[in-house]
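**Student:**
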Amino acid sequence: MNPIPDEPGRIVRGSDDYRRAGRSLFVAGAATFGMLYSVQPLLPEFAREFGQTPAGASLTLSVSTVLLAAALPIAGLLSDRIGRKRVMEASLLLASLICLAAALAPGFASLLALRALLGILLAGLPAVAMTYLAEEMDPASLGAAMGLYISGNSIGGLAGRGAVSTISDLAGWRWGVGAVALCGLLAAWQLMRRLPEPRRSAANRTTPQEMLAHSRRHLRRPVLLALFGIGAVLMGGFVTLYSYLAFRLLAPPFELPQAWVGWIFILFLTGSVSSPFMGRLRDRRAALGLALGLLAAGLALTLPEQLGLTLLGTALFTAGFFGGHAVASAWVGAAAPAGRAQASSLYLLFYYAGSSLGGTAGGLAWSADGWPGVVRLIGGMLAAGLLLWLALCLLPSARLSARPYDLDKGER
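Below, the structure written as structure tokens:
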């Protein structure tokens, strides 16, 4: 017998719809992160093949994430007007086709152009998936469902990076990117067949003016503003660490083979454990504090030139990132009393903006002072995240969850 949800129409953990939604979005999240970040271990390869600096090669990743961030509000508006599921299906299908085209790019400029288009098209999946879960899931089931979706991101990031790196070593990077694109097409097919139709988020006629009004109210809400900033810090630090860890491990004193460096992303498996675990914790402030502590401890362990400590530190950093992201993204959905699509889009706008800025700034830090420069940059980001977390701790408990907006003044 399926459990009975607290509110009619909501999906409850343990039900058939919960399993279908969880598996479909797990696979879709895996495909999204796989396609978006599959080029990360290839940055040294791009630098060699196309005659680029590390910062120049990093544009193949940054251009996707920055345009994904810019397109998120549009994706949220489209999902309000034509339906959550339709937008996610179209996003994943079209992005997979563009990823396949990127594998055939004749030069660096065309590769950048296709990666830019990929970022725009992928915007329809992450923001809408978070909104779908926030609207469709029973409140007691939301944390676990969001954690499952985020763990799919971690698995996809691992599989995409690892597969591309290994295939690149054997047959060239184009075959690796093409293989990830084919996986994206399979994930789109699964999403179309298995994801339950939305019951609480039927398409409506939200106007751009209403979207902007919701966004302004969200940006005046202290808890949401702090969570948006924490999202930027988490993703900025995470992308910076993994982008330049490849350069470090390929260089002396480590000098690891390219295929081995690609499989460093197996440490993403720590995120598939930490995200569901932290997502289920009832005290969100404590869970975010734990995540930030893991990030700081892991970063410090990567400084010594010892492979074992570097791997351990990267594992702790990865667990902290995915756990923190699961908590913060679920909290955004719970703290927004209206306009959840816009709240999720704003969170991911900050999240991917942090990725783009951090990835490019990391290239400058690497060129200036190698790995210690990268660590100092990430440490500065984490210090900002700690201040935002302290601000959340100082807010009264009544202000940390959804309360109705005052249409004239923004908040009651």
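Residue numbers (this note's numbering): 20 to 431. All C-beta atoms, glycine included, are put in the ideal place defined by N, C-alpha and C.
If you draw a straight line from the alpha carbon of Leu-368 to that of Ala-89, how long is it in whole angstroms?
**Tutor:** Reading the sequence shown from its first residue, position 349 is the one you call residue 368. Reading the sequence shown from its first residue, position 70 is the one you call residue 89. Roughly 7 Å separates the two Cα atoms.
**Student:** So Gly-138 is in the alpha helix (DSSP H); what residue range does that whole segment cover?
**Tutor:** Taking the sequence shown and counting its residues from 1, one reaches residue 138 at position 119. Element bounds for Gly-138: 127-141.
**Student:** Using the rule of at least 16 other Cβ atoms within 10 Å of the residue's Cβ for burial, across every protein chain shown, is Glu-155 buried or exposed?
**Tutor:** What you label residue 155 is simply residue 136 of the sequence shown in a count that begins at 1. With 16 or more Cβ atoms within 10 Å of its Cβ, Glu-155 is classed as buried.
**Student:** Cβ of Ala-121 within 8 Å of Cβ of Leu-133?
**Tutor:** By 1-based counting over the sequence shown, the position of residue 121 is 102. By 1-based counting over the sequence shown, the position of residue 133 is 114. By the CB criterion at 8 Å, Ala-121 and Leu-133 fall inside the cutoff.
**Student:** Got a sec, what are the start and stop residues for the alpha helix (DSSP H) Pro-241 sits in?
**Tutor:** Position 222 of the sequence shown, counted from the first residue, corresponds to residue 241. Its alpha helix (DSSP H) spans residues 241-269.
**Student:** Using 8 Å as the cut-off, can you tell me whether the stretch 288-302 makes contact with the stretch 333-345, which would need three or more C-beta pairs spanning the two stretches below that distance?
**Tutor:** yes
**Student:** Whose C-beta lies closer than 6 Å to the C-beta of Gly-358 among residues of the same chain, with five residues either side of it excluded?
**Tutor:** Along the sequence shown, read from residue 1 onward, the residue named residue 358 stands at position 339. Taken in chain order, the residues that qualify are His-233.
**Student:** Is the number of C-beta pairs between the stretch 202-214 and the stretch 36-45 that are closer than 8 Å three or more?
**Tutor:** Flag = yes, the stretch 202-214 and the stretch 36-45 touch.
**Student:** Quick check: the Cα distance between Cys-412 and Ser-170, rounded to an integer number of angstroms?
**Tutor:** Within the sequence shown, the letter at position 393 stands for residue 412. Within the sequence shown, the letter at position 151 stands for residue 170. Taking the straight line joining both Cα atoms gives about 26 Å.
**Student:** Quick check on the DSSP output: what are the complete alpha helix (DSSP H) runs of length 4 or more inside the stretch 151-206, in order along the chain?
**Tutor:** 158-190
**Student:** Using DSSP bridges, identify the partner residues of Phe-30.
**Tutor:** Residue mapping note: residue 30 aligns to position 11 of the sequence shown, counting from 1. A small fix is needed here, since residue 30 is Ile in this sequence, not Phe. Note: Ile-30 sits in a beta bridge opposite Met-156.
**Student:** What residue ranges within the stretch 50-101 form continuous alpha helix (DSSP H) runs of no fewer than 4 residues, ordered along the chain?
**Tutor:** 62-69, 73-76, 78-101
**Student:** Over what stretch of residues does the alpha helix (DSSP H) that includes Leu-330 continue unbroken?
**Tutor:** Taking the sequence shown and counting its residues from 1, one reaches residue 330 at position 311. That run of the alpha helix (DSSP H) goes 326-354.
**Student:** Excluding five sequence neighbours on each side, which residues of the same chain lie with their C-beta closer than 8 Å to the C-beta of Ala-148?
**Tutor:** In the sequence shown, counting from the first residue as 1, residue 148 sits at position 129. Once the five neighbours on either side are set aside, the close Cβ partners of Ala-148 are Leu-44, Ala-47, Gly-48, Met-107, Tyr-168.
**Student:** Once the 5 residues before and after Gln-361 are set aside, which same chain residues still bring their CB inside 6 Å of it?
**Tutor:** Working through the sequence shown from its first residue, we reach residue 361 at position 342. Counting only Cβ-Cβ distances below 6 Å, and skipping sequence neighbours, we find Gly-95, Met-230, His-233, Ser-234.
**Student:** Between which residues of its own chain and Ala-124 is the CB-CB distance below 6 Å, once the five residues before and five after are set aside?
**Tutor:** Along the sequence shown, one-based indexing puts residue 124 at 105. The beta carbon of Ala-124 is closer than 6 Å to those of Leu-130, Leu-133 in its chain, skipping five residues each way along the sequence.
**Student:** So what's Asp-35 in DSSP terms, helix, strand or just coil?
**Tutor:** Position 16 of the sequence shown, counting from 1, holds the residue named residue 35. In the structure shown, Asp-35 sits in a helix (DSSP, three-state: H, G or I).
**Student:** Rounding to the nearest angstrom, what Cα-Cα distance links Gly-162 and Phe-340 in this structure?
**Tutor:** Locating residue 162 in the sequence shown gives position 143, counting from the first residue. Locating residue 340 in the sequence shown gives position 321, counting from the first residue. Between Gly-162 and Phe-340, the C-alpha separation is close to 16 Å.
**Student:** Below 7 Å CB to CB, which residues in the same chain sit around Tyr-18 once its five sequence neighbours on both sides are set aside?
**Tutor:** Residue 18 falls outside the range modelled here, since the chain spans only 20 to 431, and no answer is possible.
**Student:** Considering only their Cβ atoms, is the gap separating Ser-375 from Thr-84 smaller than 8 Å?
**Tutor:** Here residue 84 is taken as the residue at index 65 of the sequence shown, counted from 1. Here residue 375 is taken as the residue at index 356 of the sequence shown, counted from 1. Closer than 8 Å, so yes.
**Student:** To the nearest angstrom, how far is the alpha carbon of Leu-383 from that of Leu-214?
**Tutor:** The residue given as residue 383 occupies position 364 in the sequence shown. The residue given as residue 214 occupies position 195 in the sequence shown. Taking the straight line joining both Cα atoms gives about 43 Å.
**Student:** How far does the alpha helix (DSSP H) with Thr-321 in it reach, from first residue to last?
**Tutor:** If you number the sequence shown from 1, residue 321 lands on position 302. Taken as a continuous stretch (DSSP letters only), Thr-321 belongs to no alpha helix (DSSP H), as it is neither H nor E.
**Student:** On a Cα-Cα basis, can you pick out the residue from Ile-249, Pro-217, Lys-104, Pro-241 that is closest to Leu-400?
**Tutor:** The residue labelled residue 400 in the question sits at position 381 within the sequence shown. Here the sequence assigns Met to residue 400, which means Leu is not the residue at that position. The candidate whose alpha carbon is nearest that of Met-400 is Ile-249.
**Student:** Please confirm whether Val-394 and Leu-286 have their CB atoms less than 8 Å apart.
**Tutor:** Start at 1 with the first residue of the sequence shown, and residue 394 comes out as number 375. Start at 1 with the first residue of the sequence shown, and residue 286 comes out as number 267. It is not a contact, given that the beta carbons lie outside the stated cut-off.
**Student:** Over what stretch of residues does the alpha helix (DSSP H) that includes Phe-296 continue unbroken?
**Tutor:** By 1-based counting over the sequence shown, the position of residue 296 is 277. Note, Phe-296: alpha helix (DSSP H), 288-299.
**Student:** Just to confirm, is the Cβ distance from Ser-160 to Tyr-37 under 8 Å?
**Tutor:** Numbered from its first residue, the sequence shown carries residue 160 at position 141. Numbered from its first residue, the sequence shown carries residue 37 at position 18. Going by C-beta atoms, Ser-160 is nearer than 8 Å to Tyr-37.
**Student:** How close, in whole Å, do the beta carbons of Leu-2 and Ala-142 come, if the pair is a contact with beta carbons under 8 Å?
**Tutor:** Shown here, the chain extends from 20 to 431; a query on residue 2 therefore has no answer.
**Student:** Return the CA-CA distance between Pro-144 and Gly-175, expressed in angstroms with no decimal places.
**Tutor:** Here the question's residue 144 lines up with position 125 in the sequence shown. Here the question's residue 175 lines up with position 156 in the sequence shown. It should be noted that the sequence gives Leu, not Pro, for residue 144. In a straight line, the C-alpha of Leu-144 is about 14 Å away from that of Gly-175.
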